[in-house]
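Residue numbers (the working numbering), protein chains in the order written: chain A, 1 to 469; chain B, 1001 to 1237.
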């Protein structure tokens, strides 16, 4: 199913009209928010932590070149290899070449938004390598030929019955819709893949520049399997995942787990520094790290949206967003959904390709308030809108309306004339039993009713009432 | 080092309006994070660890001494009907000759130990196949984190897969290993780059493996152990 961000309005209307999806996203997002609130409540210094994390990310991003060079040196010193990828195809090409060299016909893969972003599984399939998604949610949507609908819970949009049916159809097992049975089947099936794969691919939550350590946060254990069992481990990260110091990790780990799932800590956190060391029992013999640009340096060039690179992909802004809660992740037509997706997708794919996304927000600011690294997401959305307006990419009707509005708001006489005219128009429309039709706007909402008289007139008539004895 | 390295780096420098390398790194002094100045192993920390571990479905337990732990293992194996038990080569297992003692006490159990297993890629794969069949593995902790009921293991003291592949994982620990927060543990471990004591893999384990990917229903035992037990043994140094 190939969705694009330009289809936002169509996809969102479809999804809003689906009562089951509405219920699913409503309950899932509110459940996650409740869990988060409970665990955040226990950290009285939460706001202080957010501020510190923001400043550390600022330090990392404002000196990104230095930190990346340091990260590279540290990884190499620990016996790892580093590959810098300008774009998606270069990154995918490196993985494909590595598979060829290893003679790997299957690779086991844990969840990685960066891999998703570059379409890694498609690239591997195209070159005859079978990519096995091992995160349960990713495993399910890979089977279904779907894309993730939430950063943290990729298969959020599917019911247990759909998943049961899918397993029955694809694996010929007896139908069950008991989640624990479905999970047990996936566990057993994937064990063989883990034991035989030569290459394991993981994402990266944080990369500490000073020690060359990559950190992978998860609950299932599949990322530990991907990074421990195969002979070679390849990790892929967006450039912005670097943090200056290993000692910054306690702070970020506290923020990430609580923000995303409300856990004090996720079941597993793997801190990996290079390949297996001499004398250790196991671990990969080779460690590769891909540093992916793919548009990030362009985002960096605009100081107003630069802070979107602070994102640690916790998913809290998705859960809290009144738009995401209603339209779900697929409406955004992109790997990244919710408020952060509405900022990143236009920046990655071009404003024209995703021009509805900056408008997929009520600008309520809930995303900015919840963000553990204090990204001012709703301001960033506003700036993207400003860019679109400056480019003249908005519809002519909207431009006309805004020009008239601006003129009216600047000139008292015009304002009086305008409001009188509007009142008259509404009265005429009301008599004929219709609401005022404004194309593209009134199809989903009614024009708000105006008071019988203007405030100015009301004031004139009533101002002296209170003074009478 | 590939050709794109310079391309990407120069893009970044251009974006940050910086002419080239050689700029001094801006060091910000952020001060120390607020941490509870508490002594390791205090009664309060032990209590907190147990509470947090139990909250996430871990199975914490205090044992008065190693004898109680051995007896506990015997009962655990009998109660759960475990047939295959894997032992790590961790110092705490070796110190008490756990392999020998369990072999005597549990004659019907297939006991496998990492002790003496060759450290090579070939043996790693063989060991993985062994461990995937194990019902229970027994390893030793490096640190315990009270704040979240977390166990920390390093790849230099036990294999990575022994804490991952078996159905249940029992970690043996001592009271002095319990720390209030992660920063204190990092300090103790010596993770600063100049100290160079960071193992290839430092792993934090908090409760059993879990997933909520199907309709947000919480399931224990996704890909890793279904049971995560942590026994803190008193009378140990």
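The C-beta atom is built at its ideal place from N, Cα and C for all residues, glycine as well.
Neighbouring residues, chain B, relative to residue i (Cβ below 9 Å)
i	result
residue 5/A	By Cβ distance, chain B contributes nothing, its closest Cβ being about 23 Å from residue 5/A, past 9 Å.
residue 134/A	1223
residue 356/A	Within 9 Å Cβ-Cβ: nothing; residue 356/A doesn't reach chain B, min ~27 Å.
residue 446/A	Ordered by position in chain B, no residue passes the 9 Å Cβ test against residue 446/A, which lies about 36 Å from the chain.
Boundaries (first-last residue) of the beta strand (DSSP E) holding residue i
i	result
residue 441/A	First-last for residue 441/A: undefined, no H or E at that position.
residue 109/A	106-109
residue 458/A	No beta strand (DSSP E) contains residue 458/A, which is instead part of the alpha helix (DSSP H) from 455-462.
residue 1112/B	1110-1113
residue 1088/B	No beta strand (DSSP E) contains residue 1088/B, which DSSP labels as neither H nor E.
residue 1231/B	1227-1233
residue 98/A	That residue, residue 98/A, is in no beta strand (DSSP E); its alpha helix (DSSP H) goes 88-102.
residue 217/A	213-218
Within chain B, the residues that residue i reaches when beta carbons sit closer than 7 Å
i	result
residue 86/A	1004, 1007, 1008
residue 163/A	1214
residue 283/A	1155, 1160, 1200, 1201
residue 275/A	1200
Extent of the continuous alpha helix (DSSP H) run through residue i
i	result
residue 393/A	That residue, residue 393/A, is in no alpha helix (DSSP H); it is neither H nor E in DSSP.
residue 83/A	Where residue 83/A is concerned, there is no enclosing alpha helix (DSSP H), although the beta strand (DSSP E) it sits in stretches over 81-85.
residue 142/A	136-144
residue 366/A	366-370
Contact set for residue i: own chain, Cβ-Cβ below 6 Å, skip 5 residues either direction
i	result
residue 1155/B	1199, 1200, 1201
residue 1191/B	1198
residue 1138/B	1087, 1170
residue 219/A	266, 267
is_contact[residue i, chain A] using C-beta, thresh 8 Å
i	result
residue 1213/B	yes
residue 1200/B	yes
residue 1051/B	no
residue 1148/B	yes
residue 1181/B	yes
residue 1206/B	yes
residue 1113/B	no
residue 1161/B	yes
residue 1155/B	yes
residue 1099/B	no
Own chain, CB closer than 7 Å to residue i, minus 5 neighbours either side, in chain order
i	result
residue 26/A	325
residue 495/A	A query on residue 495/A cannot be resolved here, the shown segment of chain A reaching from 1 to 469 and no further.
residue 450/A	422, 423, 426
residue 352/A	393
residue 167/A	173, 182, 185
residue 74/A	209, 210, 211, 212
residue 116/A	148, 335
Proximal residues of chain A, C-beta to C-beta of residue i below 8 Å
i	result
residue 1210/B	219, 220, 267
residue 1203/B	224, 268, 269, 270, 271
residue 1186/B	246, 247, 249, 250
residue 1191/B	211, 246, 247
Where residue i sits in the DSSP three-state scheme
i	result
residue 1076/B	helix
residue 311/A	coil
residue 1063/B	strand
residue 19/A	helix
residue 1097/B	coil
residue 1004/B	helix
residue 284/A	coil
residue 175/A	coil
residue 269/A	strand
residue 402/A	helix
residue 1179/B	strand
residue 264/A	coil
residue 346/A	helix
Contact set between residue i and chain A, taken where Cβ atoms lie within less than 7 Å
i	result
residue 1217/B	179
residue 1012/B	64, 65, 297, 300
Spatial neighbours of residue i in its chain, beta-carbon cut-off 8 Å, leaving aside the 5 residues before and after
i	result
residue 16/A	22, 326, 327
residue 272/A	213, 214, 215, 216, 227, 233, 235, 287
residue 1080/B	1135, 1136, 1168
residue 124/A	92, 95, 96, 99, 107, 130, 131
CB contact check: residue i to chain B, cutoff 8 Å
i	result
residue 314/A	no
residue 478/A	Shown here, chain A extends from 1 to 469; a query on residue 478/A therefore has no answer.
residue 153/A	yes
residue 372/A	no
residue 83/A	yes
residue 412/A	no
residue 159/A	yes
Proximal residues of chain B, C-beta to C-beta of residue i below 8 Å
i	result
residue 317/A	Within chain B, no residue comes near residue 317/A; the closest Cβ sits about 19 Å away, beyond 8 Å.
residue 200/A	Neighbours of residue 200/A on chain B: none; closest Cβ ~12 Å, over 8 Å.
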